[in-house]
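Participant:
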Amino acid sequence: MQPAALNRFASVLPASRVLVRPAELAAYESDGLSAYATRPLAVVVPETCAEVVEVVRACRDLQLPFVARGSGTSLSGGSMPVADGIVIALNRLNRIECIDPVERIAVVQPGVVNAQVTAAAAAHGLYYAPDPSSQSVCTIGGNVAFNSGGAHCLKTGMTSNHVLGIRAVLATGEVVEWGGRSRERTGPDWCGLFTGSEGLFGVALEIVLQLLPVPEMFHTVLAGYSSLEAAGDAVSAVIAAGLLPGALEIMDRLALEAATAAVHADYPPGSEAVLIVELEGPREVVEVERRKLEEILRASGPLEMRPARDMGERAAIWKGRKSAFSAVGRLSADFLVQDGVVPRRRLGEALRQIGTMASAAGLRVANVFHAGDGNLHPLILFDGRQPDGLARAEALAGDILRMCVQMGGSITGEHGVGMEKRDYLPDMFSADEIDCMQRIRAAFDPLGIANPGKMFPGGEAPALSHHGLHPLEKAGTIERM
Amino acid sequence: MFEPATLAELQDAVRGAPRVLCVGAGTKPRLSAVEGVRISTRQLCGIVEYDPAEFTFTALAGTPLAEIVAVLAEQGQHLPFDPVLVEAGSTLGGAVASGLSGPGRFRFGGVRDFLLGVQCVDGLGRLLRLGGKVVKNAAGFDVPKFVVGSLGRFAAIGAVTFKVFPRPAATRTLSLPARPGLLERLAAGRWNIDAIDIPPGGQRVLVRLVGPEEALEPLAADLLRALSAGDDAAEVAPEFWNDLREFRWALPTGVLVKSAITPGQVGDFTAGHVSCGGNVAYTSVATAAEIPAHLVGLTLTGNAPLWVGGRPRYAVEAAVKQAFDPDHRFPSLDD
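Line order of the protein sequences matches chains A and B.
Heads up: the first sequence at position 242 corresponds to 242 in the numbering used here, and the numbers run straight through without jumps.
Every number in the numbering used here is 481 more than the matching position in the second sequence, counting from 1.
(1) Leaving out the 5 sequence neighbours to the left and right, which residues in its chain are closer than 6 Å to residue 423 of chain A when beta-carbon positions are compared?
(2) Comparing alpha-carbon positions, which option in A:368, A:322, A:224 lies nearest residue 305 of chain A?
(3) Can you find a CB in chain B that lies within less than 9 Å of the CB of residue 460 of chain A?
(4) Report the neighbours of residue 488 of chain A on chain B: residues whose CB is nearer than 7 Å to its CB, in chain order.
(5) When the Cα of residue 230 of chain A is compared with those of A:349, A:358, A:280, A:123, which residue comes out closest?
(6) Which residues in the same chain have their Cβ closer than 7 Å to the Cβ of residue 241 of chain A, if we skip the five residues on either side of it in sequence?
(7) Suppose the cutoff is 6 Å on Cβ atoms and the five residues either side in sequence are ignored; what does the same chain contact list for residue 726 of chain B look like?
(8) Between the C-alpha atoms of residue 740 of chain B and residue 17 of chain A, what's the straight-line distance to the nearest angstrom?
(9) Does the beta carbon of residue 722 of chain B come closer than 9 Å to any beta carbon on chain A?
(10) Please confirm whether residue 541 of chain B and residue 430 of chain A have their CB atoms less than 9 Å apart.
(11) Please look up how many angstroms separate the CB atoms of residue 76 of chain A and residue 417 of chain A, rounded, as I've assumed it's under 8 Å.
(12) Using a beta-carbon distance cut-off of less than 7 Å, what residues from the segment 194-221 of chain A approach chain B?
(13) Measuring CA to CA, which of B:618, B:508, B:548 is closest to residue 374 of chain A?
(14) Using a Cβ cut-off of 7 Å, pull out every chain A residue sitting near residue 646 of chain B, in sequence order please.
(15) Using 8 Å as the Cβ pair cut-off and three pairs as the minimum, do the segment 32-39 of chain A and the segment 4-18 of chain A touch?
(16) Measure the alpha-carbon distance for residue 468 of chain A versus residue 65 of chain A and round it to whole angstroms.
(17) Measure from the C-beta of residue 728 of chain B to each C-beta in chain A and report whether the shortest distance is under 9 Å.
(18) Name the two residues that bound the continuous alpha helix (DSSP H) containing residue 292 of chain A.
(19) In terms of residue numbering, what span does the alpha helix (DSSP H) encompassing residue 143 of chain A cover?
(20) On the CB-based measure, 16 or more other CB atoms within 10 Å of its CB, does residue 189 of chain A come out buried or exposed?
(21) Under 7 Å, CB to CB, which of the residues in the segment 748-762 of chain B have a partner in chain A?
(22) Does the Cβ of residue 391 of chain A have 16 or more other Cβ atoms within 10 Å, making it buried, or fewer, making it exposed?
(23) Per the contact definition of three or more C-beta pairs closer than 8 Å, is the segment 676-688 of chain B in contact with the segment 649-659 of chain B?
(24) As a quick exercise: from A:334, A:336, A:34, A:235, pick the residue whose alpha carbon is nearest that of residue 248 of chain A.
(25) List the DSSP bridge partners of residue 736 of chain B.
(26) Check whether the Cβ atoms of residue 113 of chain A and residue 202 of chain A lie closer than 9 Å to each other.
(27) If you draw a straight line from the C-alpha of residue 167 of chain A to the C-alpha of residue 538 of chain B, how long is it?
(28) In the structure shown, what three-state DSSP assignment does residue 14 of chain A receive?
(29) Residues in the segment 639-671 of chain B with C-beta within 8 Å of chain A's C-beta atoms, listed in sequence order?
(30) Can you find the residues in the same chain that come closer than 7 Å, C-beta to C-beta, to residue 530 of chain B, ignoring five residues on each side of it along the sequence?
(31) Cβ of residue 190 of chain A less than 9 Å from any chain B Cβ?
(32) Listed from N- to C-terminal order along the chain, which residues in the segment 793-816 of chain B have their beta-carbon within a distance smaller than 9 Å of any beta-carbon of chain A?
(33) Give the residues of chain A in contact with residue 744 of chain B, contact being defined as C-beta atoms less than 7 Å apart.
(34) Just mark residue 251 of chain A as buried or exposed, buried being the case when its beta carbon has 16 or more other beta carbons within 10 Å.
(35) Leaving out five residues before and five after residue 461 of chain A in sequence, what residues of the same chain have Cβ atoms less than 8 Å from its Cβ?
(36) Might you give, ordered along the chain, the residues of its own chain that have their beta carbon closer than 8 Å to the beta carbon of residue 92 of chain A, omitting 5 neighbours on each side?
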């Protein structure tokens, strides 16, 4: 490490919390997009917000790039280190400062794990709605940076819809506080702009989250179909009937095979696709809506319908769904997961095109997606031992993203642009629009030191390395959604 | 005054004078009471795209909210945040620029939570399409959210894309006598309440239940039983909400201020209308001199400072203003 930088950090943090030895840095080289790896100069481990502020100001003074990092589960390479920069590991800022059952809010530090918020709120009958599949390990700081989603976005929205207040240190060293404990605000929505800024503005120090009352009743139905189109048509019928389910998910045959092999999930025999619909609400409302849902699904010609009879059966349905990504790892050691969005009515067409493109590329693609909001998650299986394996998979991924944009959708629904999709940003935005965003970025970070190389095209090329499951996925700790 | 009818004409208008500001129907006049050439959005009007199956529509900024509400209703859909001043003629762009949401904000969120994309003209005269047109999108900075509540001070809003929801099959409104602890019991309860407001005076609490018709009767009965609301509780007509949304209670020529509050502060605001389960308050006084000392908020109408009680100021605000509008064609937040 450069001595000047080392000296500066030594004045901010004890030496034990400035990691510089290669063995210590190795764990921080990659994130959930394990195709990429870069070794940072150092990893610093602050324990207080004041230390984070000092670290960021030191980086500013030294013009040293920094990447804030929680659990490193980003699927877009968003928390990948910068080769000549430092990683600010925020895991020790993991205090839930307050759960207020009257105001129904949580005040948390950025290193608090997503699922811990709901666990802490449960005693008051409340929960934190955004539920990315990695929720058992991913942190709120990372969720805020990437505006994470989950399986319930159509109804309850993304992270951004649940962030009421943010205290942050910007890349300029300025400490700002936006929003607060109220669900409303006046003036421009700075919290909304900060959320999803992919770490390019600064580091969140404290976040106020809104909590919702836990729905009294859930009704979860799994239906098997003889074709993907039939499952997609069923989704359209549910929507057309005016229902607003908490979740509408589809898995295709390859994903079903994987889930069956991995967690012994059991699906209706002969299913080419499975639809999962979940209603939630007060029992009086759910009782009426479940009858309506049953009629709609019966008319959609399923092979079989399996309503969950109790919370155990509901949990089993979700286990199969949420394990799908890591389960695909059993079919292929190497895979890329994509995150494009298409208008809901074009889902069937999009899936057909993906199938055609995959055949032409000689690659297998498993599909798991949030059908309610048109958010696709094609899993492109490839063999990383073949010299052109990754390149072919990435080419197919690029074709899929461009197809999403052409259909009027988006290159990312919930994973963010990060390192992975930055070259596709110009497919979605004009040069003027990208320039506008870069001007905004420069307003927050005139030196370009906060998570440089992410979101915008033309950044420095990262070093490629091995492929396969994220180390946490291998350990069975997390799943991808 | 400019009256552009297309987005290209809006660009010309922004470039057409050194200091400009978009105005819609002028239903929140204090927000545009600044020096500068007016760009009226009156002609910049109409629904560009509406696909009920996608839960999205795109409309030009000057489209009256009344038109949007009616067209959505034909398809059994609505904007769950319950736009305000609809009958007064308020426009879609005005709702976005002012960041005002109605009582329905309580359940699913406000304008910010349903705005997906925006087409706006920055201070350089460039037409920019930011955000997306699908219900889920995480690409690029979320400029649409920033535009909400920005009062047209950073860019001129030309068109917006919103997410919509199915309209509940039925609604039922209960009026309960106000008492300590009632708001939080309602808000944390199992009834999936759509709106909780306290009309001016602070004596009553209005509660809106939504869902299938046959579910509402037992749900309402259970709510009244659980809260021991007794004989003093009554079902009231939905028009009550409309009077609140239109600010019919406010002094017609007075000062109207919006404040973001927490449920714990409700007691200070019951002279006016408390909305969104105790998260929003509107205060109406005859003149600026009568504004209570504790009040912090945004003046919507009347002759009073735009920001009552001040507002946070950070260096980055000036930098972001510079990014959108380097020549200061639009007024600043303090003008």
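Glycine included, every Cβ here is placed at the ideal spot set by N, Cα and C.
If you're wondering where the values come from, they're calculated on a predicted model, not measured in any experiment.
Facilitator: Answer, in terms of the structure:
(1) Here the question's residue 423 of chain A lines up with position 423 in the first sequence. For residue 423 of chain A, where only same-chain residues beyond five positions count, the Cβ hits under 6 Å are 457.
(2) Taking the first residue of the first sequence as position 1, residue 305 of chain A is located at position 305. When each option's Cα is compared against that of residue 305 of chain A, the closest is A:224.
(3) Walking along the first sequence from the start, residue 460 of chain A turns up at place 460. The pLDDT assigned to residue 460 of chain A is 45, lower than 50, so where the model puts this residue is not dependable; a value taken from the coordinates is nonetheless given after this. No - not a single Cβ of chain B is within 9 Å of the one on residue 460 of chain A.
(4) Chain A is shown only over 1 to 481; residue 488 of chain A falls outside these bounds and no answer can be derived.
(5) To locate residue 230 of chain A, count along the first sequence from 1; it is residue 230. Residue A:349 is the option with its Cα nearest to residue 230 of chain A.
(6) Your numbering for residue 241 of chain A matches position 241 in the first sequence. Here the set comprises 292, 296.
(7) Indexing the second sequence from 1 puts residue 726 of chain B at position 245. Excluding residues within five positions, the ones whose Cβ falls inside 6 Å are 565, 583.
(8) If you number the second sequence from 1, residue 740 of chain B lands on position 259. If you number the first sequence from 1, residue 17 of chain A lands on position 17. Going from the Cα of residue 740 of chain B to the Cα of residue 17 of chain A covers about 44 Å.
(9) For the purposes of this step, residue 722 of chain B is taken as the residue at position 241 of the second sequence. Proximity of residue 722 of chain B to chain A, defined by a Cβ-Cβ separation below 9 Å, is not satisfied.
(10) Residue 541 of chain B sits at position 60 when you count from the first residue of the second sequence. Residue 430 of chain A sits at position 430 when you count from the first residue of the first sequence. Taking 9 Å as the Cβ cut-off, residue 541 of chain B and residue 430 of chain A do not qualify as a contacting pair.
(11) What you label residue 76 of chain A is simply residue 76 of the first sequence in a count that begins at 1. What you label residue 417 of chain A is simply residue 417 of the first sequence in a count that begins at 1. Right, the Cβ-Cβ distance comes to about 6 Å (below 8 Å), so this counts as a contact.
(12) For the segment 194-221 of chain A, the residues whose beta carbon sits under 7 Å from a beta carbon of chain B are, in order, 195, 196, 197, 213, 216.
(13) Reading the first sequence from its first residue, position 374 is the one you call residue 374 of chain A. The residue with the shortest Cα to Cα distance from residue 374 of chain A is B:618.
(14) Here residue 646 of chain B refers to the residue found at position 165 when the second sequence is read from its first residue. Those are 244, listed as they occur along chain A.
(15) Touching, no, given that fewer than three Cβ pairs across the two stretches are closer than 8 Å.
(16) Taking the first sequence and counting its residues from 1, one reaches residue 468 of chain A at position 468. Taking the first sequence and counting its residues from 1, one reaches residue 65 of chain A at position 65. Confidence in residue 468 of chain A is poor, its pLDDT being 47 and thus under 50, which makes the residue's placement too unreliable to answer from.
(17) As a position in the second sequence, residue 728 of chain B is number 247, starting the count at 1. Between residue 728 of chain B and chain A, the shortest Cβ-Cβ separation is not below 9 Å.
(18) The residue given as residue 292 of chain A occupies position 292 in the first sequence. Under the DSSP assignment, residue 292 of chain A falls in the alpha helix (DSSP H) whose first and last residues are 283-299.
(19) Working through the first sequence from its first residue, we reach residue 143 of chain A at position 143. Unbroken alpha helix (DSSP H) run through residue 143 of chain A: 140-146.
(20) Translated into positions along the first sequence, residue 189 of chain A becomes position 189. With 16 or more other Cβ atoms from the protein chains shown falling within 10 Å of its own Cβ, residue 189 of chain A counts as buried.
(21) Listed in chain order, the positions of the segment 748-762 of chain B with a beta carbon within less than 7 Å of a beta carbon of chain A are 757, 760, 761.
(22) Indexing the first sequence from 1 puts residue 391 of chain A at position 391. Taking a 10 Å sphere around the C-beta of residue 391 of chain A, we find fewer than 16 other C-beta atoms and assign the residue as exposed.
(23) Under the Cβ criterion (8 Å, minimum of three pairs), the segment 649-659 of chain B counts as touching the segment 676-688 of chain B.
(24) Taking the first sequence and counting its residues from 1, the one referred to as residue 248 of chain A is at position 248. If we check each option's Cα against that of residue 248 of chain A, A:235 comes out closest.
(25) Here the question's residue 736 of chain B lines up with position 255 in the second sequence. Checking the DSSP bridge columns, you'll see residue 736 of chain B partnered with B:766.
(26) Here residue 113 of chain A corresponds to residue number 113 of the first sequence, with the count starting at 1. Here residue 202 of chain A corresponds to residue number 202 of the first sequence, with the count starting at 1. No Cβ-Cβ contact shorter than 9 Å links residue 113 of chain A with residue 202 of chain A.
(27) Here the question's residue 167 of chain A lines up with position 167 in the first sequence. Here the question's residue 538 of chain B lines up with position 57 in the second sequence. Cα to Cα, residue 167 of chain A sits roughly 34 Å from residue 538 of chain B.
(28) Counting from one through the first sequence, the residue named residue 14 of chain A turns up at place 14. Coil, per DSSP.
(29) Within the segment 639-671 of chain B, the residues whose Cβ lies closer than 8 Å to some Cβ of chain A are 646, 647, 648, 650, 665, 668, 669, 670, 671, listed in chain order.
(30) Looking up residue 530 of chain B in the second sequence gives position 49. So the list reads 538, 539, once near-sequence residues are dropped.
(31) Stepping through the first sequence from its first residue, residue 190 of chain A is reached at position 190. Interface residue, yes.
(32) Listed by position, the residues of the segment 793-816 of chain B near chain A (Cβ gap below 9 Å) are 793, 795, 796, 797, 798, 799, 800, 801, 802, 803, 804, 805, 807, 814.
(33) Translated into positions along the second sequence, residue 744 of chain B becomes position 263. Result: 102, 103.
(34) The sequence position of residue 251 of chain A within the first sequence is 251, counting from 1. Counting Cβ neighbours within 10 Å, residue 251 of chain A comes out buried, since at least 16 surround it.
(35) Residue 461 of chain A sits at position 461 when you count from the first residue of the first sequence. A caution first: residue 461 of chain A carries a pLDDT of 44, below 50, which makes its placement in the model too unreliable to give a value.
(36) Numbered from its first residue, the first sequence carries residue 92 of chain A at position 92. Its chain contains 45, 46, 47, 111 as the residues whose beta carbon lies nearer than 8 Å to that of residue 92 of chain A, once the 5 sequence neighbours on both sides are disregarded; these appear in chain order.
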